[in-house]
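Engineer: Sequences listed follow chains A and B, in order.
The opening position of the first sequence corresponds to residue 1 in our numbering, with each subsequent residue numbered one higher.
The opening position of the second sequence corresponds to residue 208 in our numbering, with each subsequent residue numbered one higher.
Starting off with a structure, shown below.
There are 2 protein chains.
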Amino acid sequence: MTNIAKKISSNVVYHSATVNRPRREKLLGHHGAVLWFSGLSGAGKSTLAHSVEEELHIRDCLTYVFDGDNVRHGLCGDLGFSLDDRKENLRRISEMCKLTADAGIIAFTAFISPVQKDRQNARALIGNEDFIEIYCKCSLSICEERDVKGLYKKARAGLIPDFTGISSPYEEPENADLVVDTGSNSLEECTNQVLGYLFRRGIFSTK
Amino acid sequence: MTNIAKKISSNVVYHSATVNRPRREKLLGHHGAVLWFSGLSGAGKSTLAHSVEEELHIRDCLTYVFDGDNVRHGLCGDLGFSLDDRKENLRRISEMCKLTADAGIIAFTAFISPVQKDRQNARALIGNEDFIEIYCKCSLSICEERDVKGLYKKARAGLIPDFTGISSPYEEPENADLVVDTGSNSLEECTNQVLGYLFRRGIFSTK
């Protein structure tokens, strides 16, 4: 036992939090952060996030990707796709990311997050120091041509209401920390661009 | 770059998640888990959680404590204290803990969580393998005598509605993985009991 536990009386003992973010980051050997990927469906957010994650992991960084698969069915399983619900969805994700960054993790989010105000809210909530907005820039025509999930076809057929880029606007990020041209550049180039940025920002150091 | 990134065409690239829980746990050197502390206000949940956390941290384990301070104002800031809101509060915490355990973290929750069904839901959601229910057993009379936060006094004066133990029931855990007598035993004894259990369960190993 450490001497932090103070026995006040035979029954009353206090033990405040002694493990804080700096100690966790020292243990991990890198800083916590939130990499917030934004972009159209098909722009390559998840692809790029997972590629960067792999490169960070082999450099001994602890990472975690939050995406529709693990959030929409769980934490936000009670939410639909109305404007209000989308806003609440991003709010909860922001709050969760704030805690995971505090835990020392390099967290990724890969959601379209089309509304500038919502991204601003996320930045305000998480804090400028930890929030890294990465705009995966890719034209609608390229995204639609890719149509990896067949969603654009469905959206054009009117089967998906409020589909970003087709029947709902995508507001281009005005304050992105990084703009990655996922329409023209290779995955390797994009990955290296993000890694270089994170390194210069001091999130991780080479080993 | 690893060879996992597959370039399908000049524009379409896929990169699935390659960093999974086993790789994260190998990096950390321990398993992810959720230590769910339950007990009356004043039973010593937070105190014990932070004490165990300190001991795990000095053994190089990555830990994080979720409690009212960091959850009630953030992720669950929109919720009140009605039965439904309390249930939703624990549901969100469970979902978040599920993800953090998947991230490899040893997560702690220090909430009264007085309802057996809610704890069962948490266990079902998180999964038996990761969910460790720790009952901080302490009689109401001792908790009320301690009254660290002065809440019992207020509750007895009728200033706090639905206060667990006074005007709202605490359902003793029926399936706790561990019962810790925080009413009689010292913090050191309780801490060692939890650590011993976690070690035997294989969550961490000695270093």
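Glycine included, each C-beta is placed from N, C-alpha and C at the ideal position.
#1: Answer with yes or no whether the minimum CB distance from Ser-113(A) to chain B is below 8 Å.
#2: Give the straight-line distance between the Cα atoms of Val-115(A) and Asp-309(B), rounded to the nearest whole angstrom.
#3: So if DSSP puts Phe-244(B) in a beta bridge, which residue, or which two residues, is it bridged to?
#4: What does DSSP give as the partner residue(s) for Asp-181(A) in the beta ladder?
#5: So which residues on chain A does Thr-270(B) lean against when the C-beta distance must stay under 7 Å?
#6: Quick check: is the beta carbon of Leu-232(A) nearer than 8 Å to any beta carbon in chain B?
#7: Rank Met-96(A), Ile-106(A), Ser-82(A) by C-alpha distance to the C-alpha of Asp-162(A) and give the top, closest one.
#8: Evaluate the contact criterion for the region 246 to 253 of chain B versus the region 68 to 77 of chain A: three or more CB pairs, one atom per stretch, below 8 Å.
#9: I'd like to confirm the pairing. Which residues does DSSP put opposite Tyr-64(A) in its beta bridges?
#10: Do Val-180(A) and Cys-143(A) count as a contact pair if the criterion is CB distance below 8 Å?
#11: Report back the beta-carbon spacing between Arg-92(A) and Leu-297(B) to the nearest angstrom; my notes put them in contact at under 8 Å.
#12: The alpha helix (DSSP H) that contains Asp-102(A), what's its start and end?
#13: Grouping DSSP H, G and I as helix and E and B as strand, with all else coil, what is Ser-167(A)?
#14: Output the boundary residues of the alpha helix (DSSP H) element that contains Ser-253(B).
#15: Report the rounded CA-to-CA distance for Leu-394(B) versus Ser-258(B), giving the unit in angstroms.
#16: Ignore the nearest five residues each way along the sequence and tell me which others in Gln-193(A)'s own chain have a CB closer than 6 Å to its CB.
#17: Of all the CB atoms in chain A, is at least one closer than 8 Å to the CB of His-264(B)?
#18: For the putative contact between Thr-63(A) and Ile-132(A), defined by C-beta atoms under 8 Å, what is the C-beta separation to the nearest angstrom?
#19: Could you give the residue range of the alpha helix (DSSP H) that holds Asp-118(A)?
#20: Applying a beta-carbon distance threshold of less than 8 Å, which residues of chain A neighbour Ser-223(B)?
#21: Determine the closest residue to Asp-261(B) out of Ile-134(A), Ala-17(A), Gln-120(A), Ala-124(A), with distance taken between C-alpha atoms.
#22: Identify, in the order they occur along the chain, each residue of the same chain with its Cβ nearer than 7 Å to the Cβ of Arg-146(A), setting aside the five sequence neighbours on each side.
#23: Does DSSP classify Glu-379(B) as helix, strand or coil?
#24: Might you give, ordered along the chain, the residues of its own chain that have their beta carbon closer than 6 Å to the beta carbon of Gly-32(A), omitting 5 neighbours on each side?
#25: Quick check on the DSSP output: the alpha helix (DSSP H) that includes Thr-398(B) runs from which residue to which?
#26: For chain B, find out if any of its Cβ atoms is closer than 8 Å to the Cβ of Ile-105(A); answer yes or no.
#27: Have a look at Lys-149(A) and Ala-155(A) and give me their C-alpha separation to the nearest angstrom.
#28: Please report the Cβ distance between Phe-244(B) and Ile-333(B), rounded to the nearest whole angstrom; I am assuming they are in contact, meaning their Cβ atoms lie under 8 Å.
#29: Express the C-alpha separation of Arg-228(B) and Thr-389(B) in angstroms, rounding to a whole number.
#30: Flag this pair as yes or no: are the beta carbons of Leu-306(B) and Glu-295(B) separated by less than 8 Å?
#31: Are Phe-411(B) and Arg-266(B) touching if we call contact CB-CB under 8 Å?
#32: DSSP three-state label for Lys-233(B), please.
#33: Are any of the Cβ atoms in chain B nearer than 8 Å to that of Asn-70(A)?
#34: Whole angstroms is fine: what's the gap from Lys-153(A)'s alpha carbon to Ile-160(A)'s?
#35: In chain order, what residues of the region 347 to 381 of chain B put their CB closer than 8 Å to some CB of chain A?
Structural biologist: Straight from the coordinates:
#1: no
#2: 29 Å
#3: Ala-317(B), Ile-341(B)
#4: Lys-137(A)
#5: Val-19
#6: Any answer about residue 232(A) is impossible in this case: the structure gives chain A only from 1 up to 207.
#7: Ser-82(A)
#8: no
#9: Ala-107(A)
#10: no
#11: Between Leu-297(B) and Arg-92(A) the Cβ distance is about 15 Å, and since that is not below 8 Å, they are no contact.
#12: 83 to 102
#13: coil
#14: 252 to 264
#15: 8 Å
#16: Val-180
#17: yes
#18: At roughly 13 Å, the Cβ-Cβ gap does not stay under 8 Å, so Thr-63(A) and Ile-132(A) are not in contact.
#19: 116 to 126
#20: His-50
#21: Here residue 261(B) turns out to be Glu, not Asp, going by the sequence shown. The candidate whose alpha carbon is nearest that of Glu-261(B) is Ala-17(A).
#22: Gly-42
#23: coil
#24: Ala-101, Gly-104, Ile-105
#25: 394 to 407
#26: yes
#27: 11 Å
#28: 14 Å between Cβ atoms; not a contact.
#29: 33 Å
#30: no
#31: yes
#32: helix
#33: yes
#34: 9 Å
#35: Ile-349, Glu-352, Arg-353, Val-355
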